[in-house]
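Engineer: To start, I am sharing the structure in question, which I have written as structure tokens.
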Amino acid sequence: MADLFNLNTNRDARSPLTTLTLDEEISVAYRLIPLLVALLLVPASLAGEISADRIKAAVAQLASDKFEGREPGTNGEVLTTEYLADEFEKAGLKPIGERDSYFQPVPLVRVITSPKSTLHAVKSGTTLDIPCEEGFAGVSQTQAGDEAFDAEAVFVGHGITAPEFGWDDYQGVDVKGKIVVLFTNEPPSSDSKFFGGTALTYYGRWTYKFEEAARRGAKACFIIHTNETAGYPYSVVRRLESAQLKREPGQPVLAFAGWLSRAAGDKLLGLSGRNVDEALAAADTKGFKPYSLGVNLKGHLPTRIENFVSHNVVGLVEGSDPTLKSEAVVFTAHWDHLGIGKPVLGDAIYNGAADNATGCGLLLELARAWSQQSPKPKRSAVFLAVTAEEKGLLGSKFYTRSPLIPLSKTALNLNMDMILPLGVPQSVVVTGADRTSIWPTVKAAAEKNHLEIETDQRAHLGIFYRSDHFSMARSGVPAFSVAAGMKITGKPNDFATKAHKDFNDKAYHSPQDEFQPDWDFSGFVVLAEFMLDVARDVANTNQLPTWNNGDEFRRE
Numbered sequence: 000m001a002d003l004f005n006l007n008t009n010r011d012a013r014s015p016l017t018t019l020t021l022d023e024e025i026s027v028a029y030r031l032i033p034l035l036v037a038l039l040l041v042p043a044s045l046a047g048e049i050s051a052d053r054i055k056a057a058v059a060q061l062a063s064d065k066f067e068g069r070e071p072g073t074n075g076e077v078l079t080t081e082y083l084a085d086e087f088e089k090a091g092l093k094p095i096g097e098r099d100s101y102f103q104p105v106p107l108v109r110v111i112t113s114p115k116s117t118l119h120a121v122k123s124g125t126t127l128d129i130p131c132e133e134g135f136a137g138v139s140q141t142q143a144g145d146e147a148f149d150a151e152a153v154f155v156g157h158g159i160t161a162p163e164f165g166w167d168d169y170q171g172v173d174v175k176g177k178i179v180v181l182f183t184n185e186p187p188s189s190d191s192k193f194f195g196g197t198a199l200t201y202y203g204r205w206t207y208k209f210e211e212a213a214r215r216g217a218k219a220c221f222i223i224h225t226n227e228t229a230g231y232p233y234s235v236v237r238r239l240e241s242a243q244l245k246r247e248p249g250q251p252v253l254a255f256a257g258w259l260s261r262a263a264g265d266k267l268l269g270l271s272g273r274n275v276d277e278a279l280a281a282a283d284t285k286g287f288k289p290y291s292l293g294v295n296l297k298g299h300l301p302t303r304i305e306n307f308v309s310h311n312v313v314g315l316v317e318g319s320d321p322t323l324k325s326e327a328v329v330f331t332a333h334w335d336h337l338g339i340g341k342p343v344l345g346d347a348i349y350n351g352a353a354d355n356a357t358g359c360g361l362l363l364e365l366a367r368a369w370s371q372q373s374p375k376p377k378r379s380a381v382f383l384a385v386t387a388e389e390k391g392l393l394g395s396k397f398y399t400r401s402p403l404i405p406l407s408k409t410a411l412n413l414n415m416d417m418i419l420p421l422g423v424p425q426s427v428v429v430t431g432a433d434r435t436s437i438w439p440t441v442k443a444a445a446e447k448n449h450l451e452i453e454t455d456q457r458a459h460l461g462i463f464y465r466s467d468h469f470s471m472a473r474s475g476v477p478a479f480s481v482a483a484g485m486k487i488t489g490k491p492n493d494f495a496t497k498a499h500k501d502f503n504d505k506a507y508h509s510p511q512d513e514f515q516p517d518w519d520f521s522g523f524v525v526l527a528e529f530m531l532d533v534a535r536d537v538a539n540t541n542q543l544p545t546w547n548n549g550d551e552f553r554r555e
């Protein structure tokens with residue numbers, strides 16, 4: 000800029016100004032002043048322009064067959080994490096992983112149940128054979144190899160102990176050493192003060208069911224699947240392989256944590272004169288009491304254990320304030336999917352295009368934009384692509400146990416997970432943001448970007464508890480996912496709702512979740528600008544944000 004106003008006559012012969020008089024040069028310079036002022040006033044968010052085409056290209060790459068479904072611990076992981084690290088380096092991010100790399104090792108245990116496993120229900124000489132995969136699926140949590148059990152089965156409704164709601168599905172029964180049978184989800188409610196009303200609480204999640212059963216000393220736990228209580232088909236949980244964080248000493252675990260198909264559940268309950276509909280109706284009723292099914296469940300479960308190391312991919316853009324740069328906002332998206340598995344419609348690669356190549360593509364673009372800001376915000380920004388979300392949020396759980404920025408200095412986590420590219424949204428979903436001190440900032444950013452804040456229409460499925468921001472929230476960090484709402488510019492009112500239902504029914508966690516060339520990523524630009532506005536404001540405030548007083552996640 001200084002060169003522009005240098006009017007000495009010793010000019011380079013190639014300069015177009017060599018033919019102008021001094022007065023003419025002054026005139027040109029003054030005419031350029033408004034342009035220079037305009038450039039100086041460009042918001043920092045525009046310093047790194049968001050490109051829908053770049054996001055689309057990254058999604059196409061990550062969801063290609065070349066990446067083999069991005070399964071942790073496979074060649075697909077190597078290809079994926081190296082690609083993400085390369086992109087972080089190109090964006091100018093500082094490596095803060097192990098040995099100054101972009102990688103944070105995450106030790107995991109792969110648990111593989113043999114398809115030859117057996118499960119029998121025995122009552123008074125009558126034996127019901129429940130076939131592996133078709134009738135039951137799951138894995139052991141002991142990380143000790145083969146498992147076997149032969150114990151009484153007890154039906155415990157939804158398997159919830161929630162004293163604040165006056166609800167205890169284990170009331171009066173000791174399930175130590177026994178097999179608990181239950182439903183996922185929770186009692187229906189329209190009262191926000193009773194199990195969160197129509198929004199699912201953590202009590203309704205399958206992870207809680209297994210955790211509570213283990214705390215109670217149960218030998219094993221089987222969840223009877225229904226599409227209505229789970230929110231997805233049995234094919235999603237019909238798996239005999241998973242990964243786990245290494246078991247901590249003294250941690251209560253189950254010899255088997257699994258699912259029963261609805262058909263198998265009907266047959267099992269039928270041995271005691273009941274069926275799935277009747278049992279679910281009873282479980283939904285206040286005052287439910289657990290009861291023995293009068294059946295022993297006998298299982299033989301050959302199990303293979305493999306230890307391996309997966310990786311989170313992480314980079315940092317340092318803040319500009321000498322003191323506040325030790326604190327950070329954190330952007331997250333999980334890079335993993337399900338790898339190569341059982342063929343469906345002739346395809347065995349579970350590409351995970353929507354889930355979650357979309358989130359990774361957006362994460363990379365946010366990293367580029369944040370890195371190019373000038374001046375930089377006061378606090379630093381961490382860009383974290385986590386592993387093993389599909390196995391139970393394992394990469395983000397590990398990060399909260401071994402954070403690269405102390406959690407007490409982590410201002411905010413914005414997460415991106417499975418955003419369908421449907422066009423420009425008129426609304427945004429930020430479930431949980433209203434429970435934090437930055438709610439006014441979120442509302443202001445939404446208004447600036449012409450977005451209405453929409454109540455999550457999938458809250459009854461417990462979406463808040465199903466992605467990596469939940470790991471951060473449980474650790475006290477203000478955290479939520481950002482997703483497009485159901486109002487899309489130029490589309491019918493029910494367009495997005497139908498698209499999500501169609502995806503859930505036909506593609507979710509299947510090889511049919513593939514990149515579509517006609518996907519419209521224009522809305523990702525709007526979401527990116529919204530997130531940058533929120534994060535930038537938080538990065539520049541004097542005080543660290545908090546969860547609101549009385550919130551379950553508030554750290555004191």
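When the letters of the sequence shown are read in order and numbered with numbering that gives the first Met the number 0, they come out as residues 0 to 555.
Idealized CB from N, CA, C, for every residue including glycine.
These figures come from a predicted structure and were not determined experimentally.
#1: Report yes or no: do three or more beta-carbon pairs, one from the segment 85-104 and one from the segment 339-358, lie closer than 8 Å?
#2: Among the residues of its own chain, which have a CB less than 7 Å from the CB of residue 389, if the five just before and after it don't count?
#3: Indicate the three-state DSSP secondary structure (helix, strand or coil) for residue 365 in the structure shown.
#4: Which whole runs of the alpha helix (DSSP H) in the segment 266-318 are 4 residues long or more, in chain order?
#5: How long is the line joining the alpha carbons of residue 67 and residue 545, rounded to whole angstroms?
#6: Is DSSP giving residue 378 helix, strand or coil here?
#7: When we look at the beta-carbon of residue 412 and count the other beta-carbons within 10 Å, is it buried (16 or more) or exposed?
#8: Between which two residues does the alpha helix (DSSP H) harbouring residue 154 extend?
#9: Under 8 Å, with one C-beta from each stretch per pair, do the segment 433-445 and the segment 463-470 reach the 3-pair mark?
#10: Find the nearest neighbour of residue 385 within the set 167, 305, 330 and 133, judged by alpha-carbon distance.
#11: Report the option in 137, 328 and 424 whose CA atom is closest to the CA atom of residue 407.
#12: Along the chain, where does the alpha helix (DSSP H) containing residue 499 start, and where does it finish?
#13: Evaluate residue 362 with the Cβ neighbour count: other Cβ atoms within 10 Å of its Cβ, from every protein chain shown; 16 or more gives buried, anything less gives exposed.
#14: Using DSSP with H/G/I as helix, E/B as strand and the rest coil, what is residue 103?
#15: Classify residue 321 as helix, strand or coil using the three-state DSSP reduction.
#16: Using only the alpha-carbon positions, how far apart do residue 162 and residue 58 sit?
#17: Can you find at least 3 beta carbon pairs, one from the segment 513-531 and one from the segment 475-495, that sit closer than 8 Å?
#18: Identify, in the order they occur along the chain, each residue of the same chain with its Cβ nearer than 8 Å to the Cβ of residue 167, setting aside the five sequence neighbours on each side.
#19: For residue 331, which residues does DSSP report across the bridge?
#20: Would you mind working out which of 49, 55 and 50 sits nearest residue 420, comparing C-alpha positions?
#21: Please report how far the alpha carbon of residue 292 lies from the alpha carbon of residue 270, in whole angstroms.
#22: So which of 147, 196 and 84 has the shortest CA-CA distance to residue 164?
#23: Is the distance from the Cβ of residue 180 to the Cβ of residue 239 below 9 Å?
#24: I need the DSSP call for residue 243, collapsed to helix, strand or coil.
#25: Label residue 27 either buried or exposed according to how many other C-beta atoms from any shown protein chain fall within 10 Å of its C-beta, with 16 as the threshold for buried.
#26: Let me check understanding here. Comparing Cα to Cα, which of 489, 283 and 501 lies closest to residue 519?
#27: Let me check one thing: in DSSP terms, what residues is residue 556 bridge-paired to?
#28: Could you check how far apart the C-beta atoms of residue 182 and residue 279 are, in whole angstroms? I think they sit under 8 Å.
#29: For residue 96, which beta-bridge partners are listed by DSSP?
#30: With which residues is residue 451 paired in a DSSP beta bridge?
#31: Look at the alpha carbon of residue 321 and the alpha carbon of residue 477, and state the distance between them as a whole number of angstroms.
#32: In whole angstroms, give me the CA-to-CA distance for residue 581 and residue 241.
#33: Between 95, 74 and 76, which has its C-alpha nearest residue 383's C-alpha?
#34: Can you check whether the CB of residue 256 is closer than 9 Å to the CB of residue 515?
#35: Can you tell me whether residue 123 is buried or exposed, with buried defined as 16 or more other CB within 10 angstroms of its CB?
#36: Looking only at C-alpha atoms, which of 458, 504, 532 and 221 sits nearest to residue 191?
Structural biologist: In short, the structure shows the following:
#1: no
#2: One-based indexing of the sequence shown puts residue 389 at position 390. Taken in chain order, the residues that qualify are 335, 336 and 337.
#3: Numbered from its first residue, the sequence shown carries residue 365 at position 366. Residue 365: helix per DSSP, three-state reduction.
#4: 275-282
#5: Along the sequence shown, one-based indexing puts residue 67 at 68. Along the sequence shown, one-based indexing puts residue 545 at 546. Each residue's alpha carbon lies about 40 Å from the other.
#6: Position 379 of the sequence shown, counted from the first residue, corresponds to residue 378. Residue state, collapsed to three classes: coil.
#7: Working through the sequence shown from its first residue, we reach residue 412 at position 413. It is buried - the Cβ of residue 412 has at least 16 other Cβ atoms within 10 Å.
#8: Looking up residue 154 in the sequence shown gives position 155. Note, residue 154: premise wrong, no alpha helix (DSSP H); beta strand (DSSP E) at 146-154.
#9: no
#10: For this step, residue 385 is matched to residue 386 along the sequence shown. Looking at the Cα atoms, 330 is the closest of the given residues.
#11: Your numbering for residue 407 matches position 408 in the sequence shown. Cα-wise, what sits closest to residue 407 is 328.
#12: Taking the sequence shown and counting its residues from 1, the one referred to as residue 499 is at position 500. 494-505 is the extent of the alpha helix (DSSP H) around residue 499.
#13: Working through the sequence shown from its first residue, we reach residue 362 at position 363. Its Cβ being crowded by 16 or more others within 10 Å, residue 362 is buried.
#14: Here the question's residue 103 lines up with position 104 in the sequence shown. Looking at residue 103 - three-state DSSP - the assignment turns out to be strand.
#15: Indexing the sequence shown from 1 puts residue 321 at position 322. It is coil, neither helix nor strand.
#16: For the purposes of this step, residue 162 is taken as the residue at position 163 of the sequence shown. For the purposes of this step, residue 58 is taken as the residue at position 59 of the sequence shown. Their backbone Cα atoms lie some 45 Å apart in a straight line.
#17: yes
#18: Counting from 1 along the sequence shown, the entry for residue 167 is found at position 168. Counting only Cβ-Cβ distances below 8 Å, and skipping sequence neighbours, we find 159, 160 and 161.
#19: As a working mapping, residue 331 is identified with position 332 in the sequence shown. In the DSSP output, where bridge partners are listed per residue, residue 331 has 383 and 414.
#20: Along the sequence shown, one-based indexing puts residue 420 at 421. Of the candidates 49, 55 and 50, the one whose C-alpha sits nearest the C-alpha of residue 420 is 55.
#21: If you number the sequence shown from 1, residue 292 lands on position 293. If you number the sequence shown from 1, residue 270 lands on position 271. Going from the Cα of residue 292 to the Cα of residue 270 covers about 8 Å.
#22: Within the sequence shown, numbered from 1, the residue matching residue 164 stands at position 165. Among 147, 196 and 84, the Cα nearest to that of residue 164 is on 196.
#23: By one-based count along the sequence shown, residue 180 stands at place 181. By one-based count along the sequence shown, residue 239 stands at place 240. In this structure, residue 239 does not lie closer than 9 Å to residue 180 by Cβ.
#24: As a working note, residue 243 is residue 244 in the sequence shown. It is a strand residue.
#25: Against the sequence shown, residue 27 aligns to sequence position 28. Because residue 27 sits at a pLDDT of 44, beneath the cut-off of 50, its placement in the model cannot be relied upon, and the point is left open.
#26: As a position in the sequence shown, residue 519 is number 520, starting the count at 1. Closest option to residue 519, Cα to Cα, is 489.
#27: Residue 556 is absent from the model: the chain starts at 0 and stops at 555.
#28: Residue mapping note: residue 182 aligns to position 183 of the sequence shown, counting from 1. Residue mapping note: residue 279 aligns to position 280 of the sequence shown, counting from 1. So it is a contact: roughly 6 Å between Cβ atoms.
#29: Translated into positions along the sequence shown, residue 96 becomes position 97. The partner list for residue 96 (beta bridge, DSSP) is empty, contrary to what the question assumes.
#30: Taking the first residue of the sequence shown as position 1, residue 451 is located at position 452. Answer is 426, bridged to residue 451.
#31: Mapped onto the sequence shown, residue 321 falls at position 322. Mapped onto the sequence shown, residue 477 falls at position 478. Going by the C-alpha atoms only, they are around 23 Å apart.
#32: Residue 581 is absent from the structure shown; the chain starts at 0 and stops at 555.
#33: Taking the sequence shown and counting its residues from 1, one reaches residue 383 at position 384. The residue with the shortest Cα to Cα distance from residue 383 is 95.
#34: In the sequence shown, residue 515 corresponds to position 516, counting from 1. In the sequence shown, residue 256 corresponds to position 257, counting from 1. No, the Cβ-Cβ distance between residue 515 and residue 256 is not below 9 Å.
#35: For the purposes of this step, residue 123 is identified with residue 124 of the sequence shown, where counting begins at 1. When all chains shown are included, residue 123 counts as exposed.
#36: In the sequence shown, counting from the first residue as 1, residue 191 sits at position 192. Ranking 458, 504, 532 and 221 by Cα distance to residue 191 puts 458 first.
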